[in-house]
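Here is the structure we will look at, set down as structure tokens.
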Amino acid sequence: MRERGGVPDAAGVMVLGACAVWSLLSAYGREARPEGVLLAVLAVAAGYACGRICGSLLPVAAAATVALAALGLALASPDGIHGIPATTAAPAPGHTGADAALSALAAGAACCAASAAGPPVLRFALRLLALGIAGAAAALGSAAGCLAALGVLLCSLAASRMRRRLVGLAGLALAAGLMAGLSWAVAEDALPDGLSVSLEGHLTRNRVLLWEDAVELAKEYPVLGAGPDRFGGLSPTAQQSPESDGKPHSAALQQAAEQGVVGVALLGAAFGWVLYGLWRSPRPTPVVLTAGAALTALAAFASVGNALSFTPVTAGAGLLAGLATARPLREDAPEPRLEPTRRSS
């Protein structure tokens, strides 16, 4: 077994506790509101604990239930799978990111169940469920969610042939870091002109301006940040936009602007803790890498959107991480070792 002594759990307690404490410290003496950060930390912790319990009792059924619940939420809610109605006719960018992130998490849960299932028919049915989640996202107008779900499905198929999970998890960590670095490079105008213009066309000029405001605030308040939930009141772009939700639509840049360099480090530590827990997980490697792919897709959406501002997304991330790191009560029997046959004399 890879998991020893509950080190990943202890690390998770310290990281999540530090995130909560630092949000309170950065809000001290200011008109800041750390409630959003505290709610996100609570949602991750509750989802993770629930995933560990359910994953221990019913590893396959629990993951399949999570996927079906997300799919049912997508089909039942006309406003998208985030379940929060938009205030305008067109969905806000943050809502779109939440839709796509939940699609990736739902597909990840279905593929985790498929990777852990025994009968081939059941594995095929669960992967068909992941394909249905991608189709539901496309039908609801979330092209990013459809592509993310399909990407997680393809990663799950590829993970079934991998035996060294550390290499796969290192690649996922690199991909998440590149996405976060890309958002910072766009905000600093550090990319070549042609690439910057192309990215700005996809991101919209308003979002790039919000990122630039976040970088300016991070430079003005490098250690403590401006305070949780103060970006909307200090950003000129957010104040001039009538439909702004007061967020910069980038988790890393929001942490830098509102909680300083320590907040960014803690956000990275939270993602690192999840990957470390997956590496030490007693679950099979295909399950671990599938969950890692879905959580990396969430990290990518959080780098260019507002996905982590929605409680269903943060709770779903913790739930999937818990399912993928749970120790099943009924351990799979080890594969029989083939002994060479001896010739009879």
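The sequence shown: position 175 = 178 (the numbering used here), numbered continuously. No residue lacks a Cβ here, since even glycine has one placed at the ideal position from N, Cα and C.
By alpha-carbon positions, which one of the options ends up nearest to residue i?
i: residue 286; options: 30, 181, 78 and 332; result: 332
i: residue 24; options: 159, 243, 206 and 227; result: 227
i: residue 21; options: 44, 194 and 9; result: 44
i: residue 111; options: 313, 162, 27 and 123; result: 162
i: residue 18; options: 270, 324, 304 and 326; result: 270
i: residue 260; options: 15, 29, 16 and 14; result: 29
i: residue 64; options: 170, 128 and 276; result: 128
i: residue 140; options: 172, 240, 101 and 238; result: 101
i: residue 113; options: 294, 223 and 305; result: 294
i: residue 194; options: 178, 229 and 211; result: 211
i: residue 268; options: 183, 42, 237 and 323; result: 183
i: residue 225; options: 131, 199 and 265; result: 265
i: residue 179; options: 306, 119 and 42; result: 306
i: residue 311; options: 222, 330 and 273; result: 273
i: residue 103; options: 313, 27 and 51; result: 313
i: residue 142; options: 151, 276, 170 and 78; result: 78
Please classify residue i: is it buried, with 16 or more other beta-carbons within 10 angstroms of its beta-carbon, or exposed?
i: residue 192; result: exposed
i: residue 137; result: buried
i: residue 258; result: buried
i: residue 155; result: buried
i: residue 31; result: exposed
i: residue 146; result: exposed
i: residue 124; result: exposed
i: residue 262; result: buried
i: residue 168; result: buried
i: residue 290; result: buried
i: residue 9; result: exposed
i: residue 201; result: exposed
i: residue 308; result: buried
i: residue 157; result: exposed
i: residue 207; result: exposed
i: residue 232; result: buried
i: residue 239; result: exposed
i: residue 316; result: buried
i: residue 283; result: buried
i: residue 27; result: exposed
i: residue 173; result: exposed
i: residue 15; result: buried
Determine the DSSP secondary structure at residue i, reduced to helix, strand or coil.
i: residue 232; result: coil
i: residue 210; result: helix
i: residue 168; result: helix
i: residue 59; result: helix
i: residue 34; result: coil
i: residue 303; result: helix
i: residue 90; result: Residue confidence is low: residue 90 scores 36 on pLDDT, short of 50, so the model does not pin down where it sits. No coordinate-derived value is stated.
i: residue 329; result: coil
i: residue 342; result: Only weak support exists for where residue 342 lies, its pLDDT of 40 falling under 50; the coordinates are left without a value.
i: residue 51; result: helix
i: residue 122; result: coil
i: residue 205; result: helix
i: residue 143; result: coil
i: residue 2; result: Outside the shown range of the chain (4 to 348) lies residue 2, about which nothing can therefore be said.
i: residue 192; result: coil
i: residue 313; result: coil
i: residue 253; result: coil
i: residue 130; result: helix
i: residue 216; result: helix
i: residue 95; result: Residue confidence for residue 95 is low, a pLDDT of 45 falling below 50, so the modelled location carries little weight and cannot support an answer.
i: residue 287; result: coil
i: residue 135; result: helix
i: residue 75; result: helix
i: residue 248; result: coil
i: residue 159; result: helix
Below 8 Å on the Cβ atoms is my guess for residue i versus residue j; work out the distance and round it to an integer in Å.
i: residue 11; j: residue 328; result: 7 Å
i: residue 244; j: residue 209; result: 6 Å
i: residue 74; j: residue 135; result: 7 Å
i: residue 321; j: residue 46; result: 7 Å
i: residue 133; j: residue 66; result: Not really, about 11 Å apart at Cβ, beyond 8 Å.
i: residue 57; j: residue 326; result: 7 Å
Do the region 37–48 and the region 64–75 meet, that is, are 3 or more Cβ pairs less than 8 Å apart?
-> no
Please confirm if the region 107–127 is in contact with the region 287–306, defined as three or more CB-CB distances below 8 Å between the two stretches.
-> yes
Contact between the region 201–219 and the region 243–251 (3+ Cβ pairs under 8 Å) = yes
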